[in-house]
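Each remark here refers to the structure printed beneath this line.
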Amino acid sequence: MAHPVAVAGFLVAILPLIATPGASLALLIQYVTEGGRRRALPVVLGTVTGLYVHAALAAAGLSALVMHSSVAFTAIRLTGAVYLIGLGLWTWHTATPAPRRRPRRRTDSVYAQAFLANVLNPKAAAIYLTLAPQFLTPHDPLPAQLLTLATAQALLLTLWLTAWTFLILRATRILQTPRFKRRAARATSAILIALGVRAAVA
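Residues 712 to 913 (my numbering) make up the sequence shown, in order.
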């Protein structure tokens, strides 16, 4: 288990990364706008699950292999970019009202979207290959330390997304109008596409 001081230092180091708007926040805004606070849970769970996947891969050394292989890293980066762009285009499409088409419920896919958006992000994996090792001690089991750091990050990220959820819900009357929902969905799609393009050209 990582030392409490190391955990605190790790949280301070990743706070700016968590506070930077990304795919998870974009998805949170979209789905909370559409369906209220109950839609926030699958976004949070999907994102947190992705964090544990990165931590597990780092512990197994698989992420290190990908990061040190330019071909493997490029493949993962482009896969994530294509997914984000595709998700953005799909979000834009579903935001466009169609005659005689009833809105489709996508509750079951929210978790998968948030999970894939995180797990296919090589920058998220890089946290556990470049940043996390600075807070590990070689004489203690590395898997346990990485699990502790991942759990701390998951809790911090959950608090951050929860705070955003309540902030969004504060403006319920505005957010629940069909016009704003369409604009929010299109803004979300634009963010996802931009993130995908940035990941592709990075």
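Don't be surprised by glycine CBs; every beta carbon is placed ideally from N, CA and C.
Using the Cα positions of residue i and residue j, report the straight-line distance between them to the nearest angstrom.
{"i": "L768", "j": "R890", "result": "42 Å"}
{"i": "L800", "j": "A863", "result": "33 Å"}
{"i": "I879", "j": "I725", "result": "24 Å"}
{"i": "G746", "j": "R893", "result": "13 Å"}
{"i": "G772", "j": "R881", "result": "43 Å"}
{"i": "R748", "j": "T869", "result": "13 Å"}
{"i": "S780", "j": "P833", "result": "13 Å"}
{"i": "L663", "j": "Q824", "result": "What is shown of the chain runs 712 to 913, which leaves residue 663 out entirely."}
{"i": "A737", "j": "H850", "result": "40 Å"}
{"i": "P715", "j": "T859", "result": "10 Å"}
{"i": "T744", "j": "S735", "result": "14 Å"}
{"i": "A895", "j": "V830", "result": "24 Å"}
{"i": "R813", "j": "F877", "result": "Legend: pLDDT at R813 = 44, less than 50; position of this residue unreliable, value from coordinates given subsequently. Using only the alpha carbons, I get a separation of about 28 Å."}
{"i": "V793", "j": "A713", "result": "36 Å"}
{"i": "A861", "j": "A770", "result": "11 Å"}
{"i": "A786", "j": "P852", "result": "31 Å"}
{"i": "T731", "j": "V782", "result": "28 Å"}
{"i": "G733", "j": "P727", "result": "12 Å"}
Judging by CA-CA distance, which residue of the options is the nearest neighbour of residue i?
{"i": "I729", "options": "A775, L867, L739 and V782", "result": "L867"}
{"i": "I904", "options": "L842, H804 and A775", "result": "H804"}
{"i": "L739", "options": "A837, I902, A770 and P849", "result": "I902"}
{"i": "P854", "options": "Q741, V743, R750 and A766", "result": "A766"}
{"i": "P844", "options": "A737, A898 and A775", "result": "A775"}
{"i": "V764", "options": "Y839, A898 and T899", "result": "Y839"}
{"i": "T899", "options": "T731, A713 and Q741", "result": "Q741"}
Report, in whole angstroms, the separation of the C-beta atoms of residue i and residue j, which I expect to be a contact under 8 Å.
{"i": "G720", "j": "A835", "result": "Wrong, their Cβ atoms sit about 19 Å apart, outside the cutoff."}
{"i": "I796", "j": "V718", "result": "Contact doesn't hold; Cβ gap of about 35 Å is too wide."}
{"i": "Q856", "j": "L847", "result": "5 Å"}
{"i": "L789", "j": "A911", "result": "6 Å"}
{"i": "V821", "j": "R897", "result": "No, V821 and R897 are not in contact; Cβ-Cβ is about 18 Å, not under 8 Å."}
{"i": "V759", "j": "A837", "result": "In fact, because the Cβ distance is near 18 Å, the residues do not count as touching under 8 Å."}
For the ligand COA, any of its heavy atoms closer than 6 Å to the Cβ of residue i?
{"i": "L857", "result": "Looking at this structure, you won't find the ligand COA or any other ligand, since it has none at all."}
Three-pair Cβ contact test at 8 Å for the region 751–767 versus the region 857–877: Short answer: they touch.
Complete alpha helix (DSSP H) runs within the region 713–786 (minimum length 4 residues, chain order): Taking only runs of at least 4 residues, the alpha helix (DSSP H) segments lying wholly in the region 713–786 are 715–730, 734–746, 751–771 and 773–779.
Complete runs of the alpha helix (DSSP H) confined to the region 823–891 [at least 4 residues]: Counting whole runs of 4 or more residues, the region 823–891 contains the alpha helix (DSSP H) stretches 833–837, 853–880 and 883–886.
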